[in-house]
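Residue numbers (our numbering): 28 to 367.
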Amino acid sequence: MISIALLDGRESAWDSFVASTPGGTFCHLAAWRGVMDDVLGHECLYAWAHDDAGRGHALLPLVRVRSRLFGDYLVSMPFLNAGGPIGSADGVAALIDYAVQRARGLGVRLLELRTPQPLPSTLRVSSRKITVRLALPESSDALWKQFDSKLRSQIRRPQKAGFVMRFGIHQVGAFYEVFAQNMRSLGTPVLPLRFFERIASLLPAAVACGVIYHGERPVAAGFGFLWKDEFEMTWASSLREYGRQAPNMLLYWSFLEYAIGHRVRTFDFGRCTPGGGTHRFKLQWGGMNALLPWTQWASEDAATTPSPDRPAYKLAAAVWRRLPLAVTNRIGPLLARQLP
């Protein structure tokens, strides 16, 4: 018999299961409860599937994101690209049933289980997002030789102009300075600085934060995660006014070098919308498309979580871009924490 119980004081056992189970990712780690709950104020339902002897068969971190403005959602995991159920087949099936039952009981609009591979379920699948994954050679020199002359020239341009890269947890503030400006330019509310600071403090071994500087000014920045032999660039931004100098090219090249130096074999460029400009940017590095088949259950006609592609949000984004940065940095975190 498989039973479901919520995680309560067994974080080390939870993380050991994540590390030893196929499909386990940094998104599944128990430390995210300290971000989702303490920083964003979301209800966390971290569920274990176990047998009568108490042996863990599967797990699923669920987070409820609700607001009067955007609606009520149950997601695994908000702001991330993975986090869906992992473990034995019977355990995963039990957790999917549990998630649907909780979604019904809570009256949420949409349940979304985010996984890089399809789940064994009859629930509908959303393929609205995609990522690009690049297999890395053993040395940065070997990777450099794989690039065409145009790509190498774009990387050299900011190097010749004196742009430099700095890595470290202490770069989180500089990362956020660039990230907040870029999010305002995109017309999207920015997550609070404390969100990234808390991630860095709870997952220091996994976090990689890097910033491109022009003089003393941060102009491009990235924030990603090392997990086993993979790296994911989860958030990256650059200032539009420096577009001609292409600091974003040096940013990604620096992260690729960093990943190879940490014996990473696969570089994940992070999610994007298929066919969009960001998708094309990521493909130029030589990687391959990888679908993100997220499993969903909806109580009504909700087809997705709130998206900037919707007409209403496009209008709001146009207004947001015109607001002063000081205003968007103050109001943005209050709105962003309500988005799943």
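A virtual CB, placed ideally from N, CA and C, is assigned to each residue, including glycine.
query, result
"Backbone CA spacing between residue 63 and residue 221 [nearest angstrom]", "11 Å"
"Per-residue DSSP class, three states only, for residue 323", "strand"
"Residue 283 CB to nearest heavy atom of the ligand PLP below 8 Å", "The ligand PLP is absent from the structure shown, which contains no ligands of any kind."
"Pair within 9 Å by beta-carbon distance, residue 53 and residue 253", "yes"
"C-alpha distance - residue 109 paired with residue 183, whole-angstrom precision", "34 Å"
"Nearest-angstrom Cβ-Cβ length linking residue 111 and residue 141, presumed shorter than 8 Å", "5 Å"
"Given residue 224 as reference, the closest of 59, 283, 311 once Cα atoms are compared", "59"
"Unbroken beta strand (DSSP E) run spanning residue 257, endpoints", "257 to 265"
"Three or more C-beta pairs below 8 Å linking the stretch 206 to 217 and the stretch 163 to 182", "no"
"Sequence-distant residues of the same chain with beta carbon closer than 7 Å to residue 44, five excluded per side", "83, 86"
"Where residue 62 sits in the DSSP three-state scheme", "helix"
"Own chain partners of residue 117 with C-beta closer than 7 Å, once the 5 adjacent residues on each side are dropped", "29, 84"
"Beta-carbon separation (whole angstroms), residue 206 vs residue 281, contact threshold 8 Å", "About 17 Å; that fails the 8 Å criterion."
"Candidates 237, 136, 304: closest to residue 193 by CA position", "237"
"9 Å Cβ cutoff met for residue 247 and residue 283", "no"
"For residue 217, the three-state DSSP class (helix, strand or coil)", "coil"
"Endpoints, alpha helix (DSSP H) assigned at residue 295", "Not the alpha helix (DSSP H): residue 295 falls in the beta strand (DSSP E), residues 293 to 295."
"Those residues which DSSP pairs with residue 269 across a bridge", "DSSP lists no partner for residue 269."
"Proximal residues to residue 99 (C-beta, below 6 Å), its chain only, five neighbours per side dropped", "93, 135, 136"
"Element boundaries [beta strand (DSSP E), containing residue 111]", "From DSSP, residue 111 is part of no beta strand (DSSP E); its letter is neither H nor E."
"Option in 242, 318, 296, 291 with minimal Cα separation from residue 189", "242"
"Sequence-distant residues of the same chain with beta carbon closer than 6 Å to residue 274, five excluded per side", "185, 190, 239, 246, 247, 265"
"Span of the alpha helix (DSSP H) around residue 74", "It is not in any alpha helix (DSSP H) - residue 74 instead sits in the beta strand (DSSP E) that spans 70 to 77."
"Buried or exposed (CB count within 10 angstroms, at least 16 for buried), residue 173", "exposed"
"CA nearest to the CA of residue 176, picked from 311, 34, 322, 319", "311"
"Other residues of its chain near residue 210: CB distance less than 6 Å, five sequence neighbours each side excluded", "217"
"Straight-line gap, residue 107 to residue 79 (C-alpha atoms, nearest Å)", "32 Å"
"Cβ-based neighbour list, residue 127, same chain, cut-off 8 Å, excluding 5 preceding and 5 following", "138, 150, 324"
"Spatial distance of residue 300 from residue 202 (CA atoms)", "23 Å"
"Whole-Å CB distance - residue 161 paired with residue 287, under 8 Å assumed", "That pair is no contact at about 11 Å."
"Test item: CB-CB of residue 294 and residue 315 under 9 Å", "no"
"Alpha-carbon spacing of residue 3 relative to residue 262, whole angstroms", "The chain is shown from 28 up to 367; residue 3 falls before or after that span and cannot be answered."
"Contact under 9 Å by Cβ, residue 322 with residue 199", "no"
"Identified DSSP bridge partners for residue 158", "317"
"Endpoints, alpha helix (DSSP H) assigned at residue 183", "176 to 187"
"Own chain, CB closer than 8 Å to residue 326, minus 5 neighbours either side, in chain order", "130, 131, 134, 135, 136, 137"
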